[in-house]
Structures are given as structure tokens and as C-alpha cells.
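Asks: In our numbering, the protein residues as written are 23 to 427. Ideal Cβ positions, reconstructed from N, Cα and C, are used throughout, including at glycine. Small disclaimer: the values here were computed from a predicted structure and weren't measured. My questions will all concern the structure given below.
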Ligand SMILES: Cc1cc2nc3c(=O)[nH]c(=O)nc-3n(C[C@H](O)[C@H](O)[C@H](O)COP(=O)(O)OP(=O)(O)OC[C@H]3O[C@@H](n4cnc5c(N)ncnc54)[C@H](O)[C@@H]3O)c2cc1C
């Protein structure tokens, strides 16, 4: 017998689950809502282990969900932080072409940014780049003034506070361990309690495919964990970077390449790389899960992906184990950086959906099934876009909640 009944259970207390819950409490205040989070507090995984950048939306294919929700989401995030006193800064960034070969891709980024509605984009030559970032070197750079920084763990805490204030419940240390669908309701089991719900939204990040399978659906994808490792600049050398310095990304990969970020606490870090992790929440080289590994390699798309990307994968592994190689990648942007300027920093693990044909899912992906919605791919810039992702998810399931209101 369930201990209590809710109109909606959200699994996952990361930025996406919380933004979704927040939108429900705002739009449908009569909906009885429960967020289940397996950790002892919110934002313990991707949402608390990221670069803290409020992305402008320049990178994404015009018309894609990523492009639309990021551009609107960045403005909404800045406004949210301003309204609720969450530390943030619109500091702008530079994307630096370090050789002539990268210029066509830089031009293409500028066109994309304009197509996505960004304003204030400006191409600068190396002299002007030096005025903006005195230690950066390149043949040309694109200035993106609307990029900002914040602390997404703090954003999540604020989302959680507002959800609770509006009557929603957030239960931490409560992993969903089984999900059963009957004709009447959905039953979600946790080690201590059992909950019944009319509707379920799965925002479990690195485990969203498993939750989907647990609920009896076939997600058609598997989540591949890519660890992103950072180095911190020692405080005496933090002056090498004023704000954010990015390379021109390789369009074949969903990651942006190692870059420099001045954080909201004024520290500077460099990274993240993108190394295949051997455990879904594997923050260290030594974290290995046989279950996670077996799950990944038995998925048909895994070997197709490996065949396509083995060379860049090996490069990432090399950079992961060799500080010298990591430093060299960064010296392309800031040549005066030295190996001894860097100390190992934290890491995060990205949840990236992989299809059976071996391609990495590019856009945000929400899939609706009977009385459920699975959020299967919300990589970067999902923290930036979270308020808009929450709106889009709730809109997709609005028919369910209108009945309650
Ligand atoms: C290294 C790195 C850098 C990034 N940089 C940026 C950036 O600068 N800007 C940006 O916009 N985005 C960035 N991102 C992306 C962004 O952080 C993620 O897209 C976003 O946090 C995803 O949020 P989420 O809620 O889906 O996932 P998560 O934050 O991972 O939340 C999922 C939650 O589900 C919980 N959960 C899982 N299984 C269960 C279960 N069975 N029961 C209950 N709870 C469960 C987990 O404990 C977790 O708290 C970065 C990501 C990484 C990893």
C-alpha cells in the first residue's frame, strides 16, 4: 500500500527536475507534487559539478530546442539570479581562433549566433583581443557579450526553497528503486516509503535511461558518462584570465574544448576535458562500476561510437593522465601559461545520450509515454536553459495537470 498519493512525482533533484517542479508549482498550484532525490541534498551531480557558465546560445543549430531554450533561458537565468539574490555576472566571453584554419568555423559561429538572435557579437583582430584578454593570443576572436557566470548549486537551492514555499515536497536520501504502472496509478518505491502518483517525470540525469527502463519503457538510448576534469590556476597566476576564454569547438563533438573560466568566486579554472568515465558517477580515474561498464559495452551504439571517435577519445585519455598535454592544449589560448600554474581541481560527469546507430544525441530530448515523461538528454547548456526547459516539459504534460487545477 502506498504511504501517500501525489498528482506528480519528479525523480531527480538536479537543476532540470527542480526547474520543472518549480514551473508546476507556479502554473498549477493545486497539483500535489513530490520531488525524489537519492542524495542527501539537491544538485549533488551534474548541477553542482559544472562550469557555472550562463551560455549565450551561440553554438546551437538554429531552430533546435537547445538554441531556443538556451537563448531565452540565459535571459531568464540572469533575471532569476537578480530577483533572488543569487550571485551572477554577465561578463562576456571570447572565442579565439588560434590559426587561419579555424576562421571559417569562427565565422560560422558568428552566423549561428545571429540566427539565434544574439546581439552585440563582434569579431576582433589579435590587437583588440589583447585589450580584452591581455594574455590570450589568436588570429581573430569572436566577442560574445551576453555570456555570464553563476553558481548552479546556489540556483538549485533557491529553486528548492521556492518549491517548498509554494507547497511542493522535496524528499532527499530517497532513491526510486522500483516503478510500477497499474491502470489506476503509478507506484514509486523507495527504501523507506512507497508513493502513488498520477504522473511521473523522470529527470534522473545520469540514470534517466535506467529509470525509463525501470518504468517499463524502452528509452532507445543509453546514457554514456563523460567525465570533465578541471585544473585550477594558482591564485598568483589567476590574473592571466579576466573572464572566459574559449577555443573554436570541433563541430564533430558535443563538447566545447578545454577553456578558461573565471568563476563567480573569482577563482580561475581550466577545463573540462571529456573522458569516457568507467562509472556513471565516476568522479575519479579509479571509479569503476562493472554494471555501468557492462551496460555501456553491451549497447550496440557503443562500439559504433568507439569506431568513430577512438582517436579523439585517446587524445582525451592522454590529456587526462598527462598534465603536460593538458597544459599544451591550454597554451594555444594563453601561451604564457606554465604547467606549474595549474593544480588539479574538481571534476564533473556529463550524461550524454547515445543512440543505437552510434551517434551522440545532440538536442534536448523529452519522451512522453503513458502517464510519464522521460527527460533523456539534457546536456550543457541545460543548466543555463533550465527555467525554459522546465516550462517546455510542463507544457508537454499540461493536459495532465489541467485536470487537477
Ligand atoms: C563538467 C560539466 C560542465 C558543465 N558546464 C555547464 C555550464 O557551464 N553551463 C550549463 O548551462 N551547463 C553546463 N553543464 C551541463 C549541466 O550541468 C547539466 O546539463 C545539468 O546540470 C543537467 O541537470 P539534470 O537535473 O538533468 O541532472 P543532474 O544534476 O545530474 O540531476 C539528476 C539527479 O537525479 C538524481 N537521481 C538519479 N537517479 C535517481 C533515483 N533513482 N532516485 C532519485 N533520484 C535520482 C541524481 O542524484 C541527481 O541529483 C555542465 C555539465 C558538466 C558535467
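Among 264, 101, 280, which has the Cα closest to the Cα of residue 110?
Replies: The candidate whose alpha carbon is nearest that of residue 110 is 101.
Asks: Ligand 1 heavy atoms versus the CB of residue 149: any closer than 7 angstroms?
Replies: Answer for residue 149: no, Cβ out of range of ligand 1.
Asks: Rounded to whole angstroms, what is the Cα-Cα separation between residue 154 and residue 281?
Replies: Roughly 16 angstroms separates the two Cα atoms.
Asks: Return helix, strand or coil for residue 144, following the three-state DSSP convention.
Replies: Residue state, collapsed to three classes: strand.
Asks: Please report how far the alpha carbon of residue 390 lies from the alpha carbon of residue 399, in whole angstroms.
Replies: The alpha-carbon atoms of residue 390 and residue 399 are separated by roughly 13 angstroms.
Asks: Measure the alpha-carbon distance for residue 251 versus residue 199 and round it to whole angstroms.
Replies: Cα to Cα, the separation comes out at about 30 angstroms.
Asks: DSSP has residue 374 in a bridge; who is on the other side?
Replies: Bridge partners of residue 374: 246.
Asks: Tell me whether residue 240 is buried or exposed, calling it buried when 16 or more other Cβ atoms sit within 10 Å of its Cβ.
Replies: It is exposed - the Cβ of residue 240 has fewer than 16 other Cβ atoms within 10 Å.
Asks: Given 7 angstroms as the limit, tell me if residue 359 has its C-beta closer than that to any heavy atom belonging to ligand 1.
Replies: No - ligand 1 has no heavy atom lying nearer than 7 angstroms to the Cβ of residue 359.
Asks: With DSSP as the reference, label residue 305 as helix, strand or coil.
Replies: Note: residue 305 maps to coil in three-state DSSP.
Asks: If I'm right that residue 300 touches residue 310 with Cβ under 8 angstroms, what's the distance once you round it to whole angstroms?
Replies: So it is a contact: roughly 4 angstroms between Cβ atoms.
Asks: Assuming contact is defined by CB atoms lying nearer than 8 angstroms, are residue 131 and residue 162 in contact in what I supplied?
Replies: It is not a contact, given that the beta carbons lie outside the stated cut-off.
Asks: Near residue 216, which residues of its chain fall below 8 angstroms by C-beta distance, leaving aside the five closest residues on each side in sequence?
Replies: For residue 216, where only same-chain residues beyond five positions count, the Cβ hits under 8 angstroms are 23, 24, 25, 209, 210.
Asks: Tell me which residue opens and which closes the alpha helix (DSSP H) that residue 322 is part of.
Replies: Looking at the DSSP string, the run of the alpha helix (DSSP H) that includes residue 322 is 322-343.
Asks: Quick check on residue 396: buried or exposed, where buried means 16 or more other Cβ atoms within 10 Å of its Cβ?
Replies: Flag for residue 396 reads buried.
Asks: Between which two residues does the alpha helix (DSSP H) containing residue 277 stretch?
Replies: Note, residue 277: premise wrong, no alpha helix (DSSP H); not H, not E.
Asks: Can you tell me which residues form a DSSP beta bridge with residue 283?
Replies: Residue 283 pairs with 266, 291.
Asks: Consult DSSP for residue 391 and reduce its assignment to one of helix, strand or coil.
Replies: Three-state result, residue 391: strand.
Asks: Candidates 34, 359, 41: which alpha carbon is nearest residue 415's?
Replies: The residue with the shortest Cα to Cα distance from residue 415 is 41.
Asks: Between residue 356 and residue 245, which are expected to be in contact by the criterion C-beta below 8 angstroms, what is the C-beta distance as a whole number of angstroms?
Replies: Actually they do not touch by this definition, with Cβ atoms about 34 angstroms apart.
Asks: Residue 221 bridges to which residues according to DSSP?
Replies: Partner(s): 30.
Asks: Have a look at 362, 96, 425 and flag the residue whose alpha-carbon is nearest the alpha-carbon of residue 259.
Replies: It is 362.
Asks: How about residue 68: is its Cβ closer than 7 angstroms to a heavy atom in ligand 1?
Replies: Correct: residue 68 has its Cβ closer than 7 angstroms to ligand 1.
Asks: Within the present structure, is the beta-carbon of residue 225 separated from the nearest heavy atom of ligand 1 by less than 7 angstroms?
Replies: At least one heavy atom of ligand 1 is nearer than 7 angstroms to the Cβ of residue 225, so yes.
Asks: By the DSSP assignment, the beta strand (DSSP E) with residue 171 in it spans what residues?
Replies: From DSSP, the beta strand (DSSP E) with residue 171 extends over 170-172.
Asks: Per the DSSP calculation, residue 366 is bridged to which residue(s)?
Replies: Residue 366 is bridged to 253.
Asks: Assign residue 163 to one of three DSSP states: helix, strand, or coil.
Replies: Looking at residue 163 - three-state DSSP - the assignment turns out to be strand.
Asks: At a threshold of 7 angstroms, does residue 244 count as lining ligand 1 (C-beta to nearest heavy atom)?
Replies: Answer for residue 244: no, Cβ out of range of ligand 1.
Asks: Hey, could you find the ends of the alpha helix (DSSP H) residue 83 is sitting in?
Replies: From DSSP, residue 83 is part of no alpha helix (DSSP H); its letter is neither H nor E.
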